[in-house]
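> What follows is a structure written as C-alpha cells; I'll ask about it next.
Protein chains in written order, with the working numbering: chain U, 84 to 955; chain L, 84 to 955.
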C-alpha cells in the first residue's frame with residue numbers, strides 16, 4: 084500500500100511519514116504493548132490530498148476499503164454489523180505534536196443499527212446511546228462544521244425539561260430522544276441526512292482531519308513553534324476501546340516523571356467511566372493518578388510497568404494516554420512529554436545518573452530558550468501577599484499583570500504596552516493567540532493536563548489552573564471568589580504563582596531565581612563541551628555581578644554612555660556637548676573623568692581576574708539633551724540660555740538619520756578629547772584596581788569603524804594617552820585595543836582593519852540595521868506586515884539573518900584571519916544570546932559570544948549544543 | 084651622480100624623476116633647441132631632503148659643487164668672476180605642473196663684485212644694478228622669508244624722494260642706493276648679512292625651493308588637483324639669459340594654439356626689455372604675441388618654427404616660455420598647455436584631422452569633468468545687458484554672483500550659500516582658495532597668461548582679466564569704473580562673460596550651450612569606442628529631451644515621486660497618505676492614475692525608440708506632508724482637521740531614521756494598491772503611446788529590495804495588474820521587471836534575486852549610505868574633519884568607494900551572473916556621471932550607466948576612456 088500503514092508495519096523511526104502518534108503506536112505495537120489495532124494514513128497522503136484540491140488522492144479510496152476489511156478481520160468485528168459492530172477513532176497525528184490543535188472523531192461507526200447492537204452486546208443501553216449521542220455531536224461539530232452550541236442548547240433544554248443538572252442523570256430514552264433531535268439538527272444545518280454508512284462516515288472524518296491542518300489555530304500554533312506548513316498531518320484510524328463502558332472502565336493521561344518539577348515518579352490524572360477527551364478538555368475535574376493504585380491495583384501496576392519500559396525504550400520522559408475497558412488496560416498514545424525548563428534540566432541530569440543517556444545527550448535535551456523562566460525573578464515567599472484563591476500549580480514562575488477575560492482583549496492590551504493575565508473558565512485552542520502574549524494564565528477549571536496547563540508550560544508562561552473558587556463572568560468583565568466578598572474587574576492587577584497555585588491580589592514582591600544543583604550540573608557539563616567563551620554585556624557593577632553568578636567569563640561589552648545619564652552626570656555631559664570650543668569641552672570632560680574612573684574601578688572589582696571590554700562613547704550627542712518642554716526650560720536655566728537659544732542648540736545637534744550620523748568613532752575623530760578622557764579613565768582605573776589586588780585585563784574597543792584610517796588615527800591618540808598615564812604613574816599594564824565590526828564596509832575592509840586590531844567584536848544589531856537598511860526604531864511600521872505576508876520568517880533583530888548578515892560576517896572573518904590568524908573574534912549584539920545565532924557563531928570560529936546577564940546560562944548551553952552538533 | 088642630472092642627460096620620459104619642467108628642458112636640449120644650459124636636482128632628492136629633516140641629503144653637497152664646476156666650464160663663466168660671472172635661475176619643477184605655487188629665484192650669483200662685472204660686460208650699469216636690486220628683493224622674500232612689503236616700501240620711498248612714479252625712471256645711483264638699503268633690510272630682518280658667496284646663495288635657494296613644496300598654497304593646490312604629497316619637486320638650476328638687458332631683449336609666454344578656443348595659431352603675450360616674471364605676474368600689461376612679428380621678424384619666425392616643431396614632437400599643444408637676449412632667442416620651458424574644455428575638444432579633433440594623433444588618443448586627451456563648462460548655460464547674446472567694462476576674455480563661460488574683494492570673504496560667503504564673483508586688482512597664489520569657490524573672477528590687471536587667467540581656465544571658472552577700467556578699492560569694499568559714475572559695492576550682483584570679456588551690472592539672461600561640431604565629433608568617436616550604454620536620470624519630459632540631445636540612449640532612472648510634488652497633485656497625494664483604510668487610499672490613487680499616466684506618455688514620447696526605466700514610489704510618505712506651521716494650517720483646513728489633529732497625523736508618520744524606514748518596496752508591500760496604480764499608469768501609457776506610433780520599451784523597477792521574497796511578492800501583483808490591463812485593452816506589450824540593488828543585503832543575496840529579475844540597477848547613493856553607515860543629510864557634521872585629518876580622501880558620494888562599496892558590487896555581480904549570465908546590469912546613482920566611477924563600472928561588466936542629463940556627454944567620453952584603458 085502507498086497511503087496506509089498498519090500499526091504492525093511501522094516504527095518510531097517513521098515519524099515523518101506516520102506522524103508522531105502513528106509512529107509511536109506502531110512502535111508500541113511492535114514492542115508488544117496492548118494497543119488497540121488500527122492503521123495510519125501517511126502525512127504524504129495528506130500533502131497529496133491538498134495537491135488534489137482537498138480530494139482523496141489517487142488510490143486512497145481503494146486502499147482504505149482494503150484496510151477496513153483487514154481491520155474487520157483482525158478485530159473479528161464489522162462496520163454496520165448488528166452483532167459485533169466495529170467502532171473506530173479517527174485522530175490527527177502531526178510529525179511534531181500539536182496538542183489539541185487539530186480534529187478528532189471518536190465512536191465512528193455508530194448508527195441506528197450499531198448503537199442498538201452495542202447496547203445489546205454491552206448490556207448497557209445507556210452507554211451505547213450516550214456514545215451515539217456524543218458521536219453525533221462530535222461528527223456534527225468536527226466533520227460537518229455545525230456549531231457546537233446548537234447541540235449544547237438542545238442538551239441543556241433536555242436537562243431543563245427533565246429538571247436535572249448532570250448529563251449522567253439522563254436515561255436511555257432521553258438519550259434516544261437527543262439522538263433524534265441531533266439528527267434533525269444535522270439535516271437542518273447541512274441539508275443532508277446524517278450518513279448512516281460507517282465507510283461514508285470514515286471518508287468524511289478523514290477529510291475533516293486533513294482539512295484541520297489548515298484551521299487558524301493550527302496555523303498560529305505552527306507559526307509560534309516554527310513548524311513548517313509543508314509537514315502535513317497523518318490520520319490514525321484505531322478500533323475503539325471504551326473508558327466509559329462501566330465503573331471498571333476509565334481513562335487517564337500521565338507523565339512518567341513530573342513535567343513541572345522533573346521529580347522521578349508518575350504524574351497525571353484519570354477519570355473512571357469516562358472517555359479521554361473528558362480529561363483533556365478540563366470539563367470534569369480529574370483525580371490524581373496515584374489514586375488509581377487503590378481503585379485498580381492490578382491496572383496501576385500494569386501502568387507503572389509500562390511507564391518504566393517505555394522510558395527505558397525511548398530514553399526519555401513519556402507523556403502517555405491509556406484507557407481501561409472493563410478492567411483491561413490499553414495504551415492509546417505515548418510521546419516525549421513536554422516539560423518545564425526546570426524539569427527538563429532535572430530529568431536530563433537524573434537520566435545521566437541513571438545511565439540512560441550520555442552527558443552530551445543531556446545537554447542536547449535542554450531547550451536553551453526555556454532557561455529564561457528559571458532565571459527570572461519568582462515570588463518572594465516572605466512578601467506580604469493577599470492570596471484570594473489557590474488552584475493547581477500548572478506552570479511555574481511568577482507573573483503579574485492586569486486581568487483580561489478574552490484572548491482578543493489580551494492581544495489588544497499588550498499591543499498598547501500593558502502586561503496582562505488571561506483569566507478564563509477554561510481555555511481552548513481558540514485562545515492560543517491571547518495566551519501567547521499574556522504574562523500568566525488563570526483558569527477556574529481543568530487539571531495539570533488541561534489545555535491551559537499544557538500550552539502554558541510549553542510557552543514557559545506561569546499558569547494556575549483549576550482554581551475552582553474563581554467564578555469567571557466575562558460578559559460583565561469581572562471575576563469573584565466563591566463565598567468571599569471579592570470582585571476583580573477587568574484591568575485590576577493580580578499576581579499568579581505558578582509553582583504554588585496561589586492567586587494574589589495586586590502586585591507582589593519577587594526574588595531572584597536560584598540556580599538549582601541540576602542546572603549547575605548541566606551548565607558545568609556544557610562548559611566542558613563548548614568551545615566558545617561566553618561573556619556578558621554589562622554597564623554596571625550590579626549587572627556584572629549578576630552575570631558572573633550566571634557564569635559569564637568576562638564582559639564583552641561595557642557601554643560607557645550609560646554612565647552619563649545619571650542625574651549627577653547628565654548636567655556635566657551637557658556642558659561638554661554645549662562647549663563652544665575645545666577648551667570648554669576639555670573642562671567639562673575633566674569633571675567627568677573621576678566619575679568615569681570610579682565606574683570602571685567598580686566594574687573591574689566585580690570582574691577580578693576576567694577580561695573587561697569597554698567601548699567608547701557611541702550614541703549621537705543629542706541623545707543626551709532634553710526633549711520635553713519642561714526639561715528644556717530647566718536646561719535653559721542651568722546653562723543661562725533663553726528657551727529659544729536652548730531650542731536652537733538642541734536643533735543644531737538634530738540629525739535626519741541619527742543612526743547613520745555623527746556617532747561612534749566619528750564623534751571621537753571630531754572630538755579626540757573625549758577619547759583621551761575615556762582612555763585615561765580606563766587606564767587609571769585599571770592601575771588603581773591593580774593596586775588593590777584586583778587582576779585587571781582591560782580591552783578597549785572603538786565603535787563604528789568603517790575605514791582602517793579611522794582606527795589608526797584613534798589608536799594613535801589612544802596609545803599616546805596611555806603612555807602619558809604610564810609615565811605619570813611610573814608603571815604600565817597590559818591592554819588590548821580592538822574594534823566593533825558593525826558596518827558592511829568594515830566587513831569588506833576586514834583584512835585591512837585586522838592588521839591593526841587586537842580583536843574584532845561584531846555588533847550584529849547595527850550590522851543588521853545597515854545590511855537590511857532597517858531602522859530598529861522604525862521597523863515596526865512594516866515588519867509585522869512582512870511576517871504576515873511570509874516575506875520575512877523571523878525578526879532579524881532576534882535571530883541573526885544568516886543568509887545576508889551572516890554572509891557578510893563570513894566574508895569579514897575570512898578576510899581578517901587571512902592577515903591575522905590569531906585575531907580574537909566575538910559578538911556583542913543581542914544575537915549573542917540567541918541559540919540559533921550562537922550555532923552560527925560557533926560554526927564560524929567565533930571565540931566569544933557576549934549577551935545580557937540573564938541570557939548567560941542559555942548561551943552556555945547553546946554554545947555546547949552548537950559544538951556537539953558540529954562534532955557529530 | 085645620484086641627485087643631479089644635466090640637461091643633456093635626460094629626456095621627456097623622465098618626468099617623475101626630473102619633474103615636468105626639467106624633463107622638458109632636457110628633451111629640448113636633446114632636440115637641439117636653444118636652451119640655456121643647466122641641470123636638474125631630482126624629485127627623489129627632494130624626498131630625501133624631507134626625510135633628512137630638511138637638510139641636504141648625503142652626497143648632494145659634493146655633487147652640487149661638481150655640477151657648478153661643470154656648468155662654469157661649459158658656459159665659460161664662473162661664479163664670482165669679475166670678468167664673466169655666472170648667473171643662474173633656480174626654479175621648482177614638479178612632476179605635474181603647479182604653476183606659480185612654488186618658489187623661483189632669478190639672477191642668482193649676483194653680489195657687489197659680479198654686479199659691477201655685469202655692468203662692465205653689458206656696458207649697461209642700469210641693467211646690472213636693477214638686476215642686483217631685483218635679486219636681493221627676490222632672495223630676501225623667497226629664500227630668507229622677509230616680507231615682500233619691506234622692500235616695496237623702500238622702493239616707493241625712493242621714488243617719492245625722487246618725485247618719480249615708474250621703476251624705469253630710477254637711475255644707476257638710485258639703484259645702487261636701493262641695493263645698500265636692501266642689504267640693511269636683510270641684515271636687520273635675519274640678523275645675518277646678505278650672503279655674497281654664490282655657492283652659499285645657491286644652497287640656500289635650493290633649500291627654499293624644496294621647502295616651498297609644503298607651503299600652504301601648494302598643499303591646497305595639490306588637494307584640489309589630486310596630486311599626491313609624496314611626489315616632491317625637482318629643482319632646475321639654469322644659466323641666466325636676460326630679457327631685460329636692452330630694447331632688443333624681451334620675454335614671452337605663449338601657447339601653440341589658443342587655449343580658450345582651440346584655434347590653431349600662436350596665442351600669448353610678450354614684453355620687450357623685461358624678465359619673464361613681469362609677464363606672468365600681471366604687473367605690466369603685455370602685448371599680443373603677434374605684434375612680435377613687426378618688432379623682431381626673425382625672432383618671430385624662429386618662435387613660430389619652434390612652436391611647430393614642438394607640437395609635432397610632443398603631439399600636443401604646448402605652453403612655452405622664451406627669452407630674447409639682445410636679439411638671440413632662447414627657450415626656457417615647454418609643457419603641455421592647460422586649456423579650456425572647448426579648446427581641448429577642438430585641438431584633439433583637429434590633431435586627429437592633421438594626422439598627429441589617433442582617435443583613441445584624442446578621446447584620452449579630454450578631461451570628461453571639464454565638459455561641464457561646455458554644456459551649462461552661457462550668456463544670452465540678445466539679452467539686455469548693462470556692460471560697464473570690457474576686459475580680456477580669459478576663461479570662457481558666463482558667471483553671475485555677488486561681488487567680493489578678498490579670497491577669505493569669498494570662502495565665508497560661499498559657506499553661507501552665496502554665489503560670489505571675486506574681484507581683484509590682480510590675483511596671486513594666496514588667493515587660490517577664494518578663486519576655487521567663486522563663480523567667476525575679474526581682475527583689473529594682467530593678460531591671458533596672468534595668474535588669474537591660467538588658474539581660472541584650469542578650474543573651468545569664467546574669468547575676465549585685465550579689465551583696466553576697473554578701479555578696485557578693497558579697503559572700502561567697492562570698485563568703480565574709470566571716468567564713469569558707477570560704484571559697485573561688496574555684495575552687489577554682477578555678471579561676467581568670460582568668452583567676450585564683458586563685465587555686466589546685475590544678473591543677465593543666459594542661454595543653453597550649443598554642442599560644437601568638434602565636440603559632436605569626439606563624442607561620436609567615443610560612442611564607437613565605448614562598451615557601456617549611457618542613459619539618463621530624468622523625471623520630466625523636459626529633462627528627457629535635454630538628455631536625448633546630449634546623446635542619452637534611454638532613461639535609466641525615472642523617479643515617479645517627483646511627479647507628486649506639483650501643486651495640483653500634492654493634495655491628492657496627501658489624501659492618499661491620510662487615508663484611513665484601503666478603500667479611501669484606492670479612491671485617492673484613482674485620482675492620481677490619469678495624471679501619472681499622462682506624465683509617462685509625455686516621457687515615452689520624448690524617448691521614442693529608447694528604453695525607459697521607471698521606478699516605483701520610493702521616499703517615506705511623510706516627505707509629502709507639510710512642515711511649516713503655515714502649510715500645516717492650510718493642510719488642516721483642506722482635510723477638515725484641527726491643527727492638533729493635523730500635527731498628530733504628521734507625527735504618526737514621523738520616523739527616527741527615515742532613510743532606514745518605511746520606504747521603497749516596503750511601502751509597496753504594505754500598500755500594494757500604490758504599486759497597482761503605478762503599474763497600471765505605466766502600462767496604459769505605454770499602450771496609448773504605441774497607438775500614437777511611439778516605440779515604447781518600459782522597464783519597471785522596484786526600489787530597495789533586500790530579500791528575494793519582497794521582489795517575488797511584488798512582481799506577482801505587478802504581473803497580475805498588467806495582465807488585467809492587457810485583458811481590458813485586448814492587447815499586450817513587451818516590458819521588463821527589474822530591481823534596484825542598493826542594500827548590502829541585496830548584494831549578498833544577488834544570486835537569489837537575479838533568478839527573478841530581468842535587470843539590476845545599482846543605486847550607489849543608498850548603497851554608499853548603508854555600507855558606510857553614513858547619512859547623506861548628516862555627513863557634513865564630520866566628513867570635512869575626515870578630509871582634514873586625511874582619514875577620507877574623497878567624498879564617497881561623489882566618487883564611488885571602490886574598496887568597500889565597490890567590493891560589495893563585485894560580489895553582487897559575481898553572484899548574480901552565476902545564475903543569470905545575461906542579466907542586464909546598470910548604475911543609476913550619481914556615480915553614473917563620475918569618470919573614476921565609470922571606469923570601475925566599465926571594468927566590472929556594467930551594461931549601462933545612467934546620469935543626470937548634463938553629465939551624459941561626460942559619461943560618454945568617460946566610458947570610452949575606460950574601455951580604451953582596459954584594452955591597452
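Beta carbons are placed, not taken as given, at the ideal position from N, Cα and C, and that holds for glycine. Predicted model only: the values in this text are computed from it and were never measured.
#1: What are the residues that DSSP puts in a beta bridge with residue 556 of chain L?
#2: Using a Cβ-Cβ cut-off of 8 Å (strictly less than) and excluding sequence neighbours within five positions of residue 590 of chain L, which residues of its own chain qualify?
#3: Interface residues of chain L around residue 731 of chain U at Cβ under 9 Å?
#4: Here's a check: name, in chain order, each residue in its chain whose Cβ is nearer than 7 Å to the Cβ of residue 604 of chain L, leaving out the five neighbours to either side.
#5: Per the DSSP calculation, residue 570 of chain U is bridged to which residue(s)?
#6: Let me know the secondary structure DSSP gives residue 292 of chain U once reduced to three states.
#7: Going by beta-carbon coordinates alone, are residue 400 of chain U and residue 422 of chain U separated by less than 9 Å?
#8: Just to confirm, is the Cβ distance from residue 186 of chain U to residue 295 of chain U under 9 Å?
#9: With C-beta atoms as the reference, is residue 434 of chain L less than 9 Å away from residue 398 of chain L?
#10: Using a Cβ-Cβ cutoff of 8 Å, what residues of the stretch 848-859 of chain L are near chain U? List them in chain order.
#11: Okay, do the stretch 938-951 of chain L and the stretch 605-613 of chain L touch, 3+ Cβ pairs below 8 Å being the bar?
#12: Tell me the rounded alpha-carbon separation between residue 95 of chain U and residue 107 of chain U.
#13: Which of the three DSSP states is assigned to residue 526 of chain L in this structure?
#14: Give, in chain order, every residue of the stretch 826-837 of chain L whose Cβ lies closer than 7 Å to some Cβ of chain U.
#15: Please name the residue, chosen from L/227, L/228 and L/252, that lies closest to residue 239 of chain L on a Cα-to-Cα basis.
#16: Please report how far the alpha carbon of residue 865 of chain U lies from the alpha carbon of residue 874 of chain U, in whole angstroms.
#17: Can you tell me where the beta strand (DSSP E) holding residue 469 of chain U begins and where it ends?
#18: Spatial neighbours of residue 753 of chain L within its chain, please: CB distance less than 8 Å, with the 5 preceding and 5 following residues excluded, ordered by chain position.
#19: Should residue 530 of chain U be flagged as near chain L, meaning a C-beta pair shorter than 9 Å?
#20: Is residue 492 of chain U near residue 527 of chain U, with beta carbons less than 9 Å apart?
#21: Are the C-beta of residue 894 of chain L and some C-beta of chain U separated by less than 9 Å?
#22: Of all the residues that make up the stretch 764-790 of chain L, which are near chain U by a beta-carbon distance shorter than 9 Å?
#23: Taking Cβ positions only, does residue 878 of chain U come closer than 9 Å to chain L?
#24: Return the CA-CA distance between residue 354 of chain L and residue 114 of chain L, expressed in angstroms with no decimal places.
#25: Does any CB atom of chain L fall closer than 9 Å to the CB of residue 450 of chain U?
#26: For the alpha helix (DSSP H) that residue 830 of chain U lies in, which residues bound it at each end?
#27: Consider the Cβ of residue 824 of chain U: report whether some Cβ of chain L lies at a distance smaller than 9 Å.
The structure says:
#1: In the second chain, the residue the question calls residue 556 of chain L occupies position 473. L/561, per the DSSP bridge assignment.
#2: If you number the second chain from 1, residue 590 of chain L lands on position 507. 483, 576 and 578.
#3: As a working note, residue 731 of chain U is residue 648 in the first chain. By Cβ distance, chain L contributes nothing, its closest Cβ being about 16 Å from residue 731 of chain U, past 9 Å.
#4: For the purposes of this step, residue 604 of chain L is identified with residue 521 of the second chain, where counting begins at 1. The residues are 432.
#5: On the first chain, position 487 is the one that residue 570 of chain U refers to. Answer by DSSP bridge pairing, in chain order: U/563.
#6: Numbered from 1 along the first chain, position 209 holds the residue referred to as residue 292 of chain U. Correct three-state label for residue 292 of chain U: helix.
#7: The residue labelled residue 400 of chain U in the question sits at position 317 within the first chain. The residue labelled residue 422 of chain U in the question sits at position 339 within the first chain. Between residue 400 of chain U and residue 422 of chain U, the CB-CB gap stays under 9 Å.
#8: Locating residue 186 of chain U in the first chain gives position 103, counting from the first residue. Locating residue 295 of chain U in the first chain gives position 212, counting from the first residue. Yes, the Cβ-Cβ distance between residue 186 of chain U and residue 295 of chain U is below 9 Å.
#9: Taking the first residue of the second chain as 1, we reach residue 434 of chain L at position 351. Taking the first residue of the second chain as 1, we reach residue 398 of chain L at position 315. Yes, Cβ-Cβ distance for residue 434 of chain L and residue 398 of chain L is below 9 Å.
#10: Residues passing the 8 Å Cβ filter: 849, 852, 853, 854, 855, 856, 857 and 858.
#11: Enough Cβ pairs lie closer than 8 Å, so yes.
#12: If you number the first chain from 1, residue 95 of chain U lands on position 12. If you number the first chain from 1, residue 107 of chain U lands on position 24. Cα to Cα, residue 95 of chain U sits roughly 5 Å from residue 107 of chain U.
#13: Working through the second chain from its first residue, we reach residue 526 of chain L at position 443. It is a strand residue.
#14: Within the stretch 826-837 of chain L, the qualifying residues are 826, 827, 828, 831 and 832.
#15: Looking up residue 239 of chain L in the second chain gives position 156. The shortest CA-to-CA distance from residue 239 of chain L to any of L/227, L/228 and L/252 is the one to L/252.
#16: Within the first chain, numbered from 1, the residue matching residue 865 of chain U stands at position 782. Within the first chain, numbered from 1, the residue matching residue 874 of chain U stands at position 791. When rounded, the distance between both Cα atoms is 11 Å.
#17: Your numbering for residue 469 of chain U matches position 386 in the first chain. For residue 469 of chain U, the uninterrupted beta strand (DSSP E) segment begins and ends at 469-473.
#18: On the second chain, residue 753 of chain L is found 670 positions in, with the first residue counted as 1. Result list for residue 753 of chain L: 745, in chain order.
#19: On the first chain, residue 530 of chain U is found 447 positions in, with the first residue counted as 1. Cβ-Cβ to chain L under 9 Å: no for residue 530 of chain U.
#20: For this step, residue 492 of chain U is matched to residue 409 along the first chain. For this step, residue 527 of chain U is matched to residue 444 along the first chain. Contact: no.
#21: Translated into positions along the second chain, residue 894 of chain L becomes position 811. True, the Cβ-Cβ gap to chain U drops below 9 Å.
#22: Within the stretch 764-790 of chain L, the residues whose Cβ lies closer than 9 Å to any Cβ of chain U are, in chain order, 787, 789 and 790.
#23: Numbered from its first residue, the first chain carries residue 878 of chain U at position 795. By this cut-off, residue 878 of chain U is not an interface position.
#24: Numbered from 1 along the second chain, position 271 holds the residue referred to as residue 354 of chain L. Numbered from 1 along the second chain, position 31 holds the residue referred to as residue 114 of chain L. Computed Cα separation, rounded: 27 Å.
#25: By one-based count along the first chain, residue 450 of chain U stands at place 367. Answer no: the Cβ-Cβ gap between residue 450 of chain U and chain L never drops below 9 Å.
#26: The count along the first chain starts at 1 and reaches residue 830 of chain U at position 747. Secondary structure note for residue 830 of chain U: its alpha helix (DSSP H) is the uninterrupted segment 827-831.
#27: Residue numbering aside, residue 824 of chain U sits at position 741 when the first chain is read from its first letter. Taking Cβ atoms only, chain L never reaches closer than 9 Å to residue 824 of chain U, which makes this a no.
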